[in-house]
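Visitor: Questions regarding the structure given below will be posed in turn.
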Amino acid sequence: MNIQDASRPIGSEDRGDDRFVIPATTSFQEKQLRTLKHGDTFAVFDHYGDAFSDAGSAEGLFHRDTRHLSHLLLTIDGARPILLSSTVRDDDATLVCDLTNPDIRDRAGATLAVHDMIHIRRSRFLYAGGCHERLVVQNFDVEAHRTTLSLSFGADFADLFEVRGHRRARRGETHAPVVETDRVRLAYTGLDDRRRETLVAFAPTPDRLAGDRAAFVLDLEPGAARVLHVSILCDPPAVTAPAVRLFSTALHAQRRSLRRHAMRAVGVATSNELFDEMLRRAVNDLHVLITDTPEGPYPYAGIPWFSTVFGRDALITAFETLWFDPQIARGVLRHLAVHQATAFDAAADAEPGKILHEVRWGEMAELGEVPFRRYYGSIDSTPLFVMLAGAYFERTEDLATLAEIWPNLEAALAWIREYGDRDGDGFVEYGRRTEAGLANQGWKDSSDSVFHADGALATGPIALVEVQAYVYAAWRGIAPVAARLGRAETALDLERDAADLRRRFDAAFFDADLGTFVPALDGAKRPCRVVTSNAGHALFTGIALPERVAPVAAALMRATSFSGWGVRTIAAGQPRYNPMSYHNGSVWPHDNALIAMGLGRFGLRAEAARVFEGLFAASVHFDLRRLPELFCGLTRRRAQGPTSYPVACSPQAWAAAAPLALLQATLGLGFDVAERRLLFDRPRLPAFLDEVTLRGIAIAGGSIDVSIRRVGDEAAISVIGRDGPVGIRVTS
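For the sequence shown, position 708 matches number 1093 in this note's numbering, and the numbering has no gaps at all.
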């Protein structure tokens, strides 16, 4: 990501640059925000289903990085309803709020209606640039009531970066609302000369309608109900259907879309209902965050700040889900290939062959007020792109897709050698080409996230431990693809270079006194002698020599690193350690998932299961059983839950995918596509699972269903169904 908490401005190392700071004036958890997404549109509402655009608030309806609705408030007879319940349904697509009337009094204080007599159910979802809501208002009193339901609304058309706290010297023109019979049009013309419009349509026609408010006068007999529809469309077509038809059409299309995504993936059921609930939420989060692009499914990073294309996030999400749904990896590879840099552009940190970091569509990006319109400032996206391609081929043997993107893979490999190595020492380093870009360009991109043992910030060009590990895995993973495509000499070169990198990496990055890999080398090749979670990525890729695995694993699982909920980004007691920081002591689910996959790679199933148990236990305490982007690294205490990070995105794609990767890590799940076999290497179940059933695991045109049961400290695997000549192989 490229945005940190309020104490972590990006783009400078002295904290003097506050252009892109996310204001942490309130906690998302405190406000119990509800999020929805479809395609390029997302929404954030409070638990009543309303939206208030206060300072630092992420609430509203956003489309392509512009807030198309900044205010929405429902009242009944002039008062805010009483909240009964609020949830996002299991499918993650529909927000349901149950409300009731408070005591309604006249000006003299006489009671006109007693509380809890009128029930209001708000059901809302997003589809294709629109927010659609159905309100069912029912009278449960024994007497008839006339009540007025009002919706006030407004649109500030703020750019997402404005919402995040950026101050602009000038803005465009906000147009006067256009009021029609059953709808209101709100519009804004930006400094980029683009007109952005919001249409608010109602059915039935409101009794009173103004540019910022609609009112319905409802005569409700005892037991009677009325149904109202509201559709809010972002940049709508010139002619639109009535709101009630918009709602029904969008609802059917949305459900078809969700079913299509769900049918592609493996079905998972376990003996633990809480875990099933958590996993169901995670998988549905993924389905909602995935946007269908012309190249295939692509997981947007997270809501609210990162609902867009991020290279690194999608690549890691694809790794986490590769066993579960390889089509995600295919979509990510093809989409990033299309948007690969082909020329130098210092303002975008772009170089030929480099893979995208971030895309933005808002007014500020179009005007260059922020550098992220199409930004390439990540050092790891390019090797991760090649690495994923190799892993995707191993999982599927889809040579046609790899042949299609082979020119992009060659360009990425050339970038690693020609531009990634800034000083010619054989390691890949980063250093921004523009002062407007990111100072740190690994996944820990806070301005103070790379430092020495005395706390001094490292100066560049900086070589990160995980980036060298990704390069190693990229070279090794893509070599078989090169061989299959008739490039035998290229394959041999890649294997030879990977072996050489492994030797040099160990000499430069392993610190015997720390017992682990250092996170980085600075521009003078001085190691940053700090204990961090980055070392676990070296296990994930396999670059670690066998004799380094045990000490690195021990360092990761030590109490200073492992909080009880997960591995901290920085071990307690290290300089700059702060369990409430963004990158310097917090716990990130995706980071832990990669660490667990690394532990599992070397057969350390007990340690991987311990990480799995910590994150599962944490998920039980979070709203909707949803793992957030990150949470604080405070030590786990008896009868206490984890501590939330105030502005963590939720849902977040690579956090949602973490449980799937953790399951794979503990089961030792792999694939031999040529032999049409599902592999289990020393499988183990975490303590909270006695049985796991996996259905519809696709292999070489067939599929297989398996059951995994705990037997003492081991796991017994049995085939319970198959389509085609697909089998299993278990290694004890």
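Each residue gets a CB set at the ideal place from its N, CA and C atoms; glycine is no exception. Treat the numbers as computed from the prediction; the structure is a model and nothing was measured.
Counting C-beta neighbours from all protein chains within 10 Å, is the total for residue 422 16 or more, i.e. buried, or is it exposed?
Guide: So residue 422 counts as buried.
Visitor: I need the straight-line Cα distance from residue 1050 to residue 1068, nearest angstrom please.
Guide: 9 Å
Visitor: Give the secondary structure of residue 497 by DSSP, where H, G and I count as helix, E and B as strand, and everything else as coil.
Guide: strand
Visitor: Which residue's Cα is closest to the Cα of residue 894: 656, 870, 922?
Guide: 922
Visitor: Return the bridge partner residues of residue 591 from the DSSP annotation.
Guide: Per DSSP, none; premise fails for residue 591.
Visitor: Pick out whichever of 886, 912, 947, 575 has its Cα sitting closest to the Cα of residue 898.
Guide: 912
Visitor: With DSSP collapsed to three states, give me the class of residue 688.
Guide: coil
Visitor: Where DSSP assigns a beta bridge to residue 524, which residues make up the other side?
Guide: 503
Visitor: For the alpha helix (DSSP H) holding residue 932, just list the boundary residues, first then last.
Guide: 931-942
Visitor: Using CA atoms only, rank isn't needed, just tell me which of 675, 951, 689, 941 is closest to residue 1031.
Guide: With distances taken between Cα atoms, residue 1031 lies closest to 689.
Visitor: What's the C-alpha gap between residue 406 and residue 1061?
Guide: Only weak support is given to the placement of residue 406: the predicted model assigns it a pLDDT of 47, under 50, and the question is left unresolved by the model.
Visitor: From the DSSP output, read off the bridge partner residues of residue 430.
Guide: In the DSSP output, where bridge partners are listed per residue, residue 430 has 419.
Visitor: Grouping DSSP H, G and I as helix and E and B as strand, with all else coil, what is residue 406?
Guide: Confidence at residue 406 is low in this model, with a pLDDT of 47, below 50, so the placement of that residue should be treated as unreliable; the coordinate-derived value is given next. The answer is coil: DSSP assigns residue 406 none of H, G, I, E or B.
Visitor: For residue 470, count neighbouring C-beta atoms within 10 Å of its own C-beta (all shown protein chains included) and say buried if the count is 16 or more, exposed if not.
Guide: exposed
Visitor: Taking the straight line between their C-alpha atoms, what separation do you get for residue 624 and residue 450?
Guide: 24 Å
Visitor: Helix, strand or coil: how does DSSP classify residue 826 here?
Guide: DSSP places residue 826 in coil when its eight states are reduced to three.
Visitor: Would you kindly check if the distance between the Cβ of residue 1027 and the Cβ of residue 1011 is under 7 Å?
Guide: No; because the gap between Cβ atoms is not below 7 Å, this pair is not in contact.
Visitor: Quick check on the burial criterion: 16 or more other C-beta atoms within 10 angstroms. Buried or exposed for residue 1106?
Guide: exposed
Visitor: Which full runs of the beta strand (DSSP E) of 3+ residues lie inside the region 1073-1097, going along the chain?
Guide: 1076-1084, 1087-1096
Visitor: Within this structure, are the beta carbons of residue 771 and residue 735 separated by less than 7 Å?
Guide: No, Cβ-Cβ distance for residue 771 and residue 735 is not below 7 Å.
Visitor: Cα-Cα, which of 999, 847, 529, 1063 is closest to residue 829?
Guide: Restricting attention to 999, 847, 529, 1063, the CA atom closest to the CA of residue 829 is found in 847.
Visitor: The alpha helix (DSSP H) with residue 855 in it runs from where to where?
Guide: Element bounds for residue 855: 850-869.
Visitor: With H, G and I counted as helix, E and B as strand and the rest as coil, what does DSSP make of residue 1037?
Guide: Of the three classes helix, strand and coil, the one that applies to residue 1037 here is strand, per DSSP.
Visitor: Tell me the rounded alpha-carbon separation between residue 746 and residue 758.
Guide: One C-alpha to the other measures close to 6 Å.
Visitor: Suppose the cutoff is 6 Å on Cβ atoms and the five residues either side in sequence are ignored; what does the same chain contact list for residue 609 look like?
Guide: 524
Visitor: Count the other CB atoms, across all protein chains shown, that sit within 10 Å of the CB of residue 602; report buried if there are 16 or more and exposed otherwise.
Guide: Label assigned to residue 602: exposed.
Visitor: Could you tell me which of 813, 789, 468 sits nearest to residue 800, measuring between CA atoms?
Guide: 813
Visitor: Considering only C-alpha positions, which residue in the set 729, 731, 794 is nearest to residue 856?
Guide: Out of 729, 731, 794, the CA that lies nearest to the CA of residue 856 is found in 794.
Visitor: Can you have a look at residue 998 and say buried or exposed, based on whether 16 or more other CB atoms are within 10 angstroms of its CB?
Guide: buried
Visitor: Leaving out five residues before and five after residue 980 in sequence, what residues of the same chain have Cβ atoms less than 8 Å from its Cβ?
Guide: Non-local beta-carbon contacts of residue 980 in its own chain, meaning distances under 8 Å to residues more than five positions away in sequence, involve 918, 921, 922, 924, 925, 941, 952, 996 in chain order.
Visitor: In angstroms with no decimal places, state the Cα-to-Cα distance between residue 930 and residue 1109.
Guide: 39 Å
Visitor: When DSSP labels each residue in this structure, what does residue 768 get in the three-state scheme?
Guide: In the structure shown, residue 768 sits in a helix (DSSP, three-state: H, G or I).
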